[in-house]
Amino acid sequence: MPLSSPAPRKLRHTRAITVEAFARDDGLWDLDACIRDIKAHDIELPSGSRPGGLPVHDLKLRVTIDRDMNVVDAEAASDAVPYPGFCDTITPAYKKLIGLSLLKHFRLHLKDRLSGVLGCTHLTELAQVLPTAAIQAFADDAMASRSGEASERPYELDRCHALRLDGPAVERYYPRWVLKAVPG
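Residues in the sequence shown are numbered from 30 upward in steps of one, following my numbering.
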């Protein structure tokens, strides 16, 4: 169902976040993420004018992960920033993502390593979407590798409202894993 029709309005700002997942020939995966902020109008920044339509932020983050979703490499780039020569000097800090698991408390460890003045607010925010993007990237491979009845519970179960273990979707699509209410 689409959103309702909005009240009359004028576009002021667009934030776009994209993540592309690439399977590499060496068996690793690259997640290329980008966050871009664009004002629809000219703005004055302390560092100077920025014409409407040009990015205030155009930041990129690439993490390379193995099949277990461990980060084996990371790099960041700042192609447009509000404070050139300052914002763009933090990109090497994103090597601190190496060694983290996207599946094991990634967002908590990300905060410990790169929140506040330890990183760029926008790059760190962008990194937060990587675990779910990686899961989506691997989902079709994981489903294709399941033959008949899975011996391990599918990862996606009990991670959202629709796929709660006691719910009708799990009962229909994953009957082996449904939790049935105990008559009381």
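Glycine is no exception: its CB is placed at the ideal position from the N, C-alpha and C atoms.
**Study point:** M30, buried or exposed, once every other Cβ within 10 Å from all chains shown has been counted against 16
**Key:** M30 should be labelled exposed.
Exercise for review: Using DSSP bridges, identify the partner residues of V48.
Suggested key: Note: V48 sits in a beta bridge opposite A62.
Review point. Can you tell me whether DSSP reads A198 as helix, strand or coil?
Key: helix
Review point. Are the beta-carbon atoms of H86 and V48 separated by less than 8 Å?
Key: No; because the gap between Cβ atoms is not below 8 Å, this pair is not in contact.
Exercise for review: Take the Cβ of G177 as the centre, count every other Cβ of all protein chains shown within 10 Å, and call the residue buried at 16 or more, exposed below.
Suggested key: With a pLDDT of only 49 at G177, under 50, the local geometry of the prediction cannot be trusted, and the value read off the model is given with reservation. Exposed: under 16 other Cβ atoms inside 10 Å.
Exercise for review: Mind checking who A166 pairs with in its DSSP beta bridge?
Suggested key: None; A166 has no bridge partner.
Exercise for review: For K125, I'd like the list of residues in its chain whose CB is within less than 7 Å of its CB, leaving aside the five on either flank, ordered along the chain.
Suggested key: R142, L143
Exercise for review: Since I believe V101 is in contact with L159 (beta carbons under 8 Å), could you give me their beta-carbon distance rounded to a whole number of angstroms?
Suggested key: Not a contact, Cβ separation roughly 13 Å.
Review point. From S130 to H138, what does the alpha carbon distance come to, in whole angstroms?
Key: 9 Å
Practice item. With a 10 Å radius around its C-beta and 16 neighbouring C-beta atoms as the bar for buried, classify C116 as buried or exposed. Key: By the neighbour-count rule (16 or more Cβ atoms within 10 Å), C116 is buried.
Exercise for review: Provide the residue(s) that pair with R79 in DSSP beta bridges, ordered along the chain.
Suggested key: I72
Check your understanding: First and last residue of the beta strand (DSSP E) that includes H93?
Key -> It is worth fixing the name first, because residue 93 is Thr in this sequence and not His. 84-94 is the span of the beta strand (DSSP E), which, as asked, contains T93.
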